[in-house]
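Report on one structure; see the data block that follows.
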Amino acid sequence: MDPQTAWEDLLEALGERDWDRVEDLAEGLLHWLQADGFPPRAVTGSDLGADWDREIALAGCRTALVQAREGVAHVP
Numbered sequence: 003m004d005p006q007t008a009w010e011d012l013l014e015a016l017g018e019r020d021w022d023r024v025e026d027l028a029e030g031l032l033h034w035l036q037a038d039g040f041p042p043r044a045v046t047g048s049d050l051g052a053d054w055d056r057e058i059a060l061a062g063c064r065t066a067l068v069q070a071r072e073g074v075a076h077v078p
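Take the sequence shown: its letter number 24 is residue 26 in this note's numbering, and every next letter is one higher.
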C-alpha cells in the first residue's frame, strides 16, 4: 500500500465523481490506517505531522465512503 498514491487517487476520483473507485480507494486506505499503517501527507504544502495527517485522512475516507454510497457529491 502506498498511502500517498491512494490519497491522491481518492481525491482525483472524488473530483471525477467515480463512486466505485472512490469506494474502493477509501475502503483500502481506511483499512490501512486502522491497521496502524503510516498516513499520507493529507495537506499539500504543509507539514502538520503524522497525527494530523492520520486524522484528516481518516475523516476524508469516511466522508468519501458516505458520498460514494449515496452516489451524490456534497462538494461542488
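For glycine and all other residues, C-beta sits at the position ideal for the given N, C-alpha and C.
- For ARG71, the uninterrupted alpha helix (DSSP H) segment begins and ends at 52-72.
- Excluding five sequence positions before and after GLY39, the CB atoms of its chain that fall closer than 7 Å to its own CB belong to MET3 and PRO5, given in chain order.
- Classified as exposed, GLN36 has fewer than 16 neighbouring CB atoms from the shown chains inside 10 Å of its CB.
- In the assembly as shown, ARG64 is an exposed residue. Its beta-carbon has fewer than 16 other beta-carbons within 10 Å.
- Taking 8 Å as the cut-off, the Cβ atoms of LEU60 and LEU32 count as close.
- Your pair PRO42 and ALA8 checks out as a contact, with CB atoms roughly 7 Å apart and the cut at 8 Å.
- If one requires a minimum length of 4 residues, the alpha helix (DSSP H) runs lying completely within the region 18-52 are 21-36, in chain order.
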